[in-house]
Each structure stands twice: as structure tokens, then as C-alpha cells.
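> What follows is a structure written as C-alpha cells; I'll ask about it next.
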Amino acid sequence: MRSLRTPAPRPLTALLAVLALALIAGAGCGGKGKDLSPDTVLAKVGDKEITAGYYEKKLGRLHPVDLPRDDEGNVLDTAEMPGKRKFLDTIINKDVMVTIAAQLGFNDDAQIDYARQTLLSNEAVTAARRRLVDEPASKFTEDDVLAFYEKFGTVRHCRYFIADTRELAVRGREAALAGADWADVWNEFHAGLKEGTVSYEIDLHYGRFITSFEDPIFAAKVGDITEPVPSTYGWWVVKIDGEEQAERPPLEEARARIESAIVSRNQMRLVDAYKADLRKKFGMYIREDALVKAFAGLPVDEGLFYPGTKEQIRREDLQPLELDPSDLGLDFYGYTVKGEPRTYTLGDFKTTFDRMNVFERPKRAEMVGGMRTKIGDEIERALLNFDSQDRGLDKDPEVLAAVEDRIDEMLVGKLFEEGVHYDKTVSPAALDSAWALLKDEYDLPETRSGKRVLVADQAQADKAYAALEAGEPWRRVLNTYGSDETDKALSGQLGPVRVDAQGPERDALFSLEVGKYSTPRRLDDGRYSIVMLEEIAPPRSQELKDVADAVVKRIQNKREEQAFRAALDGWKQKVKIQVFEDRLAKTRSWKELVDAANQSKKPAGA
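First residue of the sequence shown: 122, per this note's numbering; consecutive thereafter.
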């Protein structure tokens, strides 16, 4: 039994972590190892069998923080019997709870039946994604790695404009090709912001954008003006003015990032191809003329929260979509399923829009392209369901097993809620007693706070540092050279960072005097950071009043764990359990399973 001093997750957490693993049906985790067939039964819980394949699939997908632990919170080695048995017991406990929940009739609940139907659709789509996208995307060669490395750090200096429709983008491109000044093209055709510091000049870094946007831009030659490129915001037209390449790190230093980027980019291209096939298969369309009318009817300056609060605007206070009554019957979007056309008018969209909550509604700031994307995503979700049914995935054994695992998760949660009872009230005396034991754990180490400028590469970092050395204000340097818009919106705030943290920015902060800034520091993702130290908070003790809620929660968690163990012991008395430890001893360890999975992911020819 863990002591109060030992941090412990809620007892339900480990069970749900195991259940969640069943949803990731990955290659390389379950299977034959140490002369053990995947069908070998390791344990029986009533009529349920726990096989070696099931056990290894679950174990191999565990996150390190979820590995089995002893009663003092120490991670157990799953190459040894105590670790193997601890993990198997977690699966056994789950199956015991599912069995008891079934005996109590929980699986006959109407909500469970509805959930099963919903989950079936979701899991069928997930299986399609895994088989058509994720699995093929994970396969790449050493030549792919070298090709990406050749472009690693490449920056294209461009001019651009974004149009609401492809027709407008084509007209703007034709004007640019005919020799019109780009500023004039921008002023006439750009649909986004033009005020203030917004410029039509932009630097695009290879490997940092979605492939549907990046591929045509980096396929063009320097001096070219691209065909219209679709994006979330609208149709981009880009003129390639120049290209340069920052100094690259050694290949082996960058390899992990490159391989991850290749898989991600493969996924994006396969998703785009899959969705294009769906749109063609089901005849999906969105009429641009109706889209522009719908966008024009959006409420002006609609926010998310009531002014001065963090309370979201309620539906009854939202403005409706304003449309000309004569346009309500205009065909807007549609598709065809099994020969049956399904069409939706502007009036249908208005009805849907007016029912949306404030977060679901398209906003003017997202531009016409953002509205097109939201509508397209919604249609494609329906098409994915239809397509997965056409492929028979709603009857696939793997999908059905995943659904039952999710149902098991619901049953376990329901039994836990209804069958585990403990006193949640913590008296002042109990709180004081716990605080006497735990007080030292809540001491705070030294922390430091400051601000940073995040830049894309070393060349830009050197320019930013030179500007600071020349006396330019920090804010101006941040706005000029900062490459992370989110970070700039937060004024580059950094910290508080603890003394026991790790990383280049931590090292820089703890090497500085207040008011001083660092030289550029290279980050793990290839970017660079210049940090300034603004404040030092020395180590300090906390009072109980400052952390009372956290201490109360630890006491409650301890009581909950004790109540759960008592309930579980009672449930186990009602179910026959058999464990075959000689077979369990032959299962692979977590490390062996992870190593095997990683080996299977290595590029061909590596």
C-alpha cells in the first residue's frame, strides 16, 4: 500500500490507460516472442481469456509514465516476473470489473447501446485512416531522408496575396504576369489584412507548412508566380523572389526530426489524396457564389466572450446569419450517396448556423477560405462514414474489438462511480496531520522569468542579436525578427522556469544577470532563441493555505485508492481467476516490444 507521501494517480487511471491502448492497433507490438504463440492464454477471468498477443499489444503501447509500479511508486521491470505479474493483474482487474458490470446489467443500458453505434462509426473511420494513411505513411527510405536533408533550412523569399475565390486569384495572377506592380495587385486582390505592419513580403521555411500549401510553392522556380494554391484562408498566389539555405546541422543530429517530418508529410499527402477520392466518389461540391453570399452574411466583429469576461457568449445572444430572403433557396453544397443526391441550400445553412454555439460558427477573421474549410470538413466527416461502410469496416473484427474495448472502458468507469465509496470530507485535523508529513515536498526551488525572441534560423538569430547590440528596443527586435506569431502575441514571455528544468533557454536564463540578454541559443527543433532575464524568485517555502486544495486532493485520492482496493477484493471473490505464470514468464518486456516496434519503423535500406 502506498503511503500518503508517495504520489499516486487515481486507481482508475491505470485501468483506463490499459483500455486506451486497445484503440491503437499498431504493428510490431503483439506477436510471437520467446517461443510463445500470440494465442497462448496467460490468464482467465470467468469466461474471458487474456492472451499473450493481447498482453504484449497493451504493454508495448504503454507510455513510460504508465509502466507498472510497486506500492512505493517505483517502476517495475517488465522483463522480471514482479513487473509482468503487476501488469497482468491490471488487465485482470479490468476484466473483473467488466464481468461484474455485466452481471449488474450495466451493458444493457440504453446509453451503452447508443454509444456502441456511435463508436462503431468512429472506429471504422479510424481503421480506414490507419490502413490507408498512417501505415503506408510510416514507410520511407534513406533516399527520402537525404532528399529532405538537402532542403533542410531552405528559406524562400516571396511576395503573395490571398484571394477569396479561385477566380479572383487567377485574375490577380494574370495581372502580375502582365507586369502589374505587386503593391497594386495586393491592394486590389488581397482579401486579408492590409493595415499597419502587414506586408506582402513573406519568408517561407521548408518543412514548416502543410504539404498541400508547401509543395507547389517549393516546386516552383525562383522568379515564378505560382498557380493559385488553396489554403485554410483562401487562394494564395506566390511570387518566388529568391532562396537561401541556412547552415544545416549534421545529418545524424537532425535525423530524428527529419524522419518524423517525413512521416508527417506522407500522412498529409495521403489524407489529401484520400479526401480528393472521397469528393470525387460522392460528387461533393461547394458553390463559390453561395459561399461568398454566406460569408457576407456573417455577423460583424463577433467575439467569443462577453466583453471584459471569460464567459462565452450564449447562443441566444448571438446574431443570426443575414441573408437576402431571395437567396435562401440557392443551392449551396451537396453530395450523392448510393445514387441519392443530398443537397443543401443557403437556407439550410442559415438554420444550421443559427443553432451553432459561438465556437462552432465561422468568423469573418477566418476569411472566406476558413468558412469553406469548416463546411468542407463537416461534409467530409459524413463521407468518411459512408466510405468506411462501403469498405465493410463496420464489420471488421479489429474494429469490433476496438468498440468492445471502448464499451469496457465505459463499464469500468460506471462500476467505479457506483461501486467505490469513501468519505470526501477532510477535517482540519486530518489536513494538519497530512501537512506535517508533506510540508517539505511543497517547498519551491528558485525560478527565473524573462522574455525571448524565437527566430527561424541562425542567420536571422544573428541579425536579431546584432540589432540588440546596436541598441534597438527589444519589442522592435521581437516584431522584426520573431518567427513565432503566437509567441509574439504573448510578447515573448518566458517562464517562470525552475532551476531543475532542462534545455537551452533554461541554461541561458540561469547564466544571466537581471536585465541582460543571451547570445542566440539553438533549440531542439532547429530554431534559435535569444532570452532576457527580468526576474529571479528565490527558493521559498509555502504555507498550507497556499496549497490546501492540493493536499486535500492527495488525502482524497488516498482514501479513494483504499476504497477501490476493498471493492476490487470483493468483486474478485465473485469471479473465477486463473493465472498461468509459466506462460507469463515467456512474454517479452516493454523494452523488447518498443525496440521491435522501432526497428520495424526504420527506413528501407537504412
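Positions of the beta carbon are idealized from the N, C-alpha and C atoms, including for glycine. Please read all numbers here as calculations on a predicted model, not as lab measurements.
1) From this set, Met389, Tyr456 and Ala377, which residue's C-alpha is nearest arginine 400's C-alpha?
2) Do the CB positions of valine 541 and glycine 181 come within less than 8 Å of each other?
3) What is the residue span of the beta strand (DSSP E) that serine 352 lies within?
4) Considering just the uninterrupted stretch of the alpha helix (DSSP H) at leucine 180, what are its terminal residues?
5) Alanine 377 and arginine 369: beta carbons closer than 8 Å?
6) Can you give me the C-alpha to C-alpha distance between asparagine 719 and alanine 268, rounded to a whole angstrom?
7) Please determine, among Ile233, Ile323 and Ala284, the residue with the shortest C-alpha to C-alpha distance to valine 306.
8) Find out if the Cβ-Cβ distance for the pair valine 574, serine 662 is shorter than 8 Å.
9) Am I right that aspartate 336 and valine 276 are in contact with their C-beta atoms under 8 Å? What's the rounded C-beta distance?
10) Within the continuous beta strand (DSSP E) that includes phenylalanine 453, where are the two ends?
11) Please report the straight-line C-alpha distance between lysine 560 and leucine 188, rounded to a whole angstrom.
12) Distance check for arginine 704 and threonine 199, CA to CA, integer angstroms please.
13) Helix, strand or coil: how does DSSP classify methionine 405 here?
14) In this structure, does DSSP put lysine 360 in helix, strand or coil?
15) According to DSSP, is alanine 718 part of a helix, a strand, or is it coil?
16) So, do the region 444-452 and the region 408-426 have three or more beta carbon pairs nearer to each other than 8 Å?
17) Within this structure, are the beta carbons of proline 441 and aspartate 564 separated by less than 8 Å?
18) Between the alpha carbons of isoleucine 145 and proline 549, how many angstroms are there, rounded?
19) Quick one, are the C-beta atoms of valine 384 and phenylalanine 282 less than 8 Å apart?
20) Going residue by residue through the region 275-351, where are the continuous beta strand (DSSP E) segments of at least 3 residues, counting only ones entirely within it?
21) If you drop the 5 nearest sequence neighbours on each side, which residues of the same chain put their C-beta closer than 7 Å to that of glutamine 699?
22) Specify whether the region 527-543 and the region 502-516 touch according to this definition: at least 3 beta carbon pairs, one from each stretch, less than 8 Å apart.
23) Considering only the alpha carbon of each residue, which of Ile346, Asp160, Phe273 and Leu425 lies closest to glutamate 481?
24) Applying the criterion that 16 or more other CB atoms from any shown protein chain within 10 Å of the CB defines a buried residue, is alanine 248 buried or exposed?
25) Threshold first: 3 residues or longer. Then list the beta strand (DSSP E) segments lying entirely within the region 507-579, N to C.
26) Grab the span of the beta strand (DSSP E) containing alanine 367 for me, first residue to last.
27) Would you list, in sequence order, the uninterrupted beta strand (DSSP E) runs of no fewer than 3 residues that lie entirely inside the region 619-679?
28) Please state the DSSP three-state secondary structure of leucine 615.
29) Between glutamate 499 and valine 392, what straight-line distance do the alpha-carbon atoms span, to the nearest angstrom?
30) Identify the residues that DSSP records as bridge partners of isoleucine 698: which are they?
31) Pick out whichever of Lys584, Val479 and Gly404 has its Cα sitting closest to the Cα of proline 462.
32) Taking the CB atoms as reference points, tell me whether arginine 386 and threonine 472 lie closer together than 8 Å.
33) Kindly identify the DSSP beta-bridge partner or partners of threonine 466.
34) Buried or exposed: asparagine 478, going by 16 or more other Cβ atoms within 10 Å of its Cβ?
35) Consult DSSP for valine 479 and reduce its assignment to one of helix, strand or coil.
36) Write down the C-beta distance between serine 570 and leucine 611 rounded to the nearest angstrom, noting that I regard them as a contact closer than 8 Å.
Checking against the coordinates, here is how it stands:
1) By 1-based counting over the sequence shown, the position of residue 400 is 279. The residue with the shortest Cα to Cα distance from arginine 400 is Tyr456.
2) Your numbering for residue 541 matches position 420 in the sequence shown. Your numbering for residue 181 matches position 60 in the sequence shown. Not in contact: valine 541 and glycine 181 (Cβ atoms no closer than 8 Å).
3) Stepping through the sequence shown from its first residue, residue 352 is reached at position 231. Premise fails: serine 352 is in no beta strand (DSSP E) and is neither H nor E.
4) Numbered from its first residue, the sequence shown carries residue 180 at position 59. Taken as a continuous stretch (DSSP letters only), the alpha helix (DSSP H) holding leucine 180 covers 173-181.
5) By 1-based counting over the sequence shown, the position of residue 377 is 256. By 1-based counting over the sequence shown, the position of residue 369 is 248. No, they are not a contact pair.
6) For this step, residue 719 is matched to residue 598 along the sequence shown. For this step, residue 268 is matched to residue 147 along the sequence shown. Roughly 22 Å separates the two Cα atoms.
7) As a first step, residue 306 must be located in the sequence shown, where it is residue number 185. Comparing alpha carbon positions, the residue from Ile233, Ile323 and Ala284 closest to valine 306 is Ala284.
8) Counted from its first residue, the sequence shown places residue 574 at position 453. Counted from its first residue, the sequence shown places residue 662 at position 541. The answer is no: Cβ separation not under 8 Å.
9) Taking the sequence shown and counting its residues from 1, the one referred to as residue 336 is at position 215. Taking the sequence shown and counting its residues from 1, the one referred to as residue 276 is at position 155. Contact flag wrong, Cβ pair sits at about 16 Å.
10) The sequence position of residue 453 within the sequence shown is 332, counting from 1. DSSP places phenylalanine 453 inside the beta strand (DSSP E), whose first and last residues are 452-458.
11) The sequence position of residue 560 within the sequence shown is 439, counting from 1. The sequence position of residue 188 within the sequence shown is 67, counting from 1. Taking the Cα positions, lysine 560 is about 28 Å away from leucine 188.
12) For the purposes of this step, residue 199 is taken as the residue at position 78 of the sequence shown. For the purposes of this step, residue 704 is taken as the residue at position 583 of the sequence shown. Their Cα atoms are separated by approximately 14 Å.
13) Start at 1 with the first residue of the sequence shown, and residue 405 comes out as number 284. Annotated three-state conformation of methionine 405 is coil, per DSSP.
14) Position 239 of the sequence shown, counted from the first residue, corresponds to residue 360. The answer is strand: DSSP assigns lysine 360 an E or B state.
15) Position 597 of the sequence shown holds residue 718. Of the three classes helix, strand and coil, the one that applies to alanine 718 here is helix, per DSSP.
16) The region 444-452 vs the region 408-426: in contact.
17) What you label residue 441 is simply residue 320 of the sequence shown in a count that begins at 1. What you label residue 564 is simply residue 443 of the sequence shown in a count that begins at 1. Not a contact, by the Cβ cut-off of 8 Å.
18) Indexing the sequence shown from 1 puts residue 145 at position 24. Indexing the sequence shown from 1 puts residue 549 at position 428. Legend: pLDDT at isoleucine 145 = 39, less than 50; position of this residue unreliable, value from coordinates given subsequently. Approximately 45 Å between the Cα atoms of the pair.
19) The residue you call residue 384 lines up with position 263 of the sequence shown. The residue you call residue 282 lines up with position 161 of the sequence shown. No; because the gap between Cβ atoms is not below 8 Å, this pair is not in contact.
20) List check, beta strand (DSSP E) in window: 275-284 and 322-326.
21) Against the sequence shown, residue 699 aligns to sequence position 578. So the qualifying residues of the chain are Ala164 and Lys165.
22) Under the three-pair Cβ rule at 8 Å, the region 527-543 does not count as touching the region 502-516.
23) Start at 1 with the first residue of the sequence shown, and residue 481 comes out as number 360. Restricting attention to Ile346, Asp160, Phe273 and Leu425, the CA atom closest to the CA of glutamate 481 is found in Leu425.
24) By 1-based counting over the sequence shown, the position of residue 248 is 127. Counting Cβ neighbours within 10 Å, alanine 248 comes out buried, since at least 16 surround it.
25) Fully enclosed beta strand (DSSP E) runs of 3 or longer: 568-576.
26) The residue given as residue 367 occupies position 246 in the sequence shown. Under the DSSP assignment, alanine 367 falls outside any beta strand (DSSP E); it carries neither an H nor an E label.
27) Entirely contained in the region 619-679, the beta strand (DSSP E) runs reaching 3 residues are, in chain order, 649-658.
28) Walking along the sequence shown from the start, residue 615 turns up at place 494. Under the three-state reduction of DSSP, leucine 615 is assigned to strand.
29) Indexing the sequence shown from 1 puts residue 499 at position 378. Indexing the sequence shown from 1 puts residue 392 at position 271. So the alpha carbons of these two residues sit roughly 15 Å apart.
30) On the sequence shown, residue 698 is found 577 positions in, with the first residue counted as 1. Among the bridge pairs identified by DSSP, isoleucine 698 is matched with Val166.
31) Translated into positions along the sequence shown, residue 462 becomes position 341. Selection Lys584, Val479 and Gly404 evaluated against proline 462 yields Gly404 as nearest (Cα-Cα).
32) What you label residue 386 is simply residue 265 of the sequence shown in a count that begins at 1. What you label residue 472 is simply residue 351 of the sequence shown in a count that begins at 1. Cβ distance not < 8 Å, so arginine 386 and threonine 472 don't count as in contact.
33) Taking the sequence shown and counting its residues from 1, one reaches residue 466 at position 345. In the DSSP assignment, threonine 466 forms a beta bridge with Asp452.
34) As a first step, residue 478 is located in the sequence shown; it is residue number 357 there, counting from the start. Asparagine 478 is exposed by the Cβ-count criterion.
35) For the purposes of this step, residue 479 is taken as residue 358 along the sequence shown, with counting starting at 1. In the structure shown, valine 479 sits in coil (DSSP, three-state: anything other than H, G, I, E or B).
36) Translated into positions along the sequence shown, residue 570 becomes position 449. Translated into positions along the sequence shown, residue 611 becomes position 490. Going by Cβ atoms, the distance from serine 570 to leucine 611 rounds to 13 Å, so no, they are not a contact pair.
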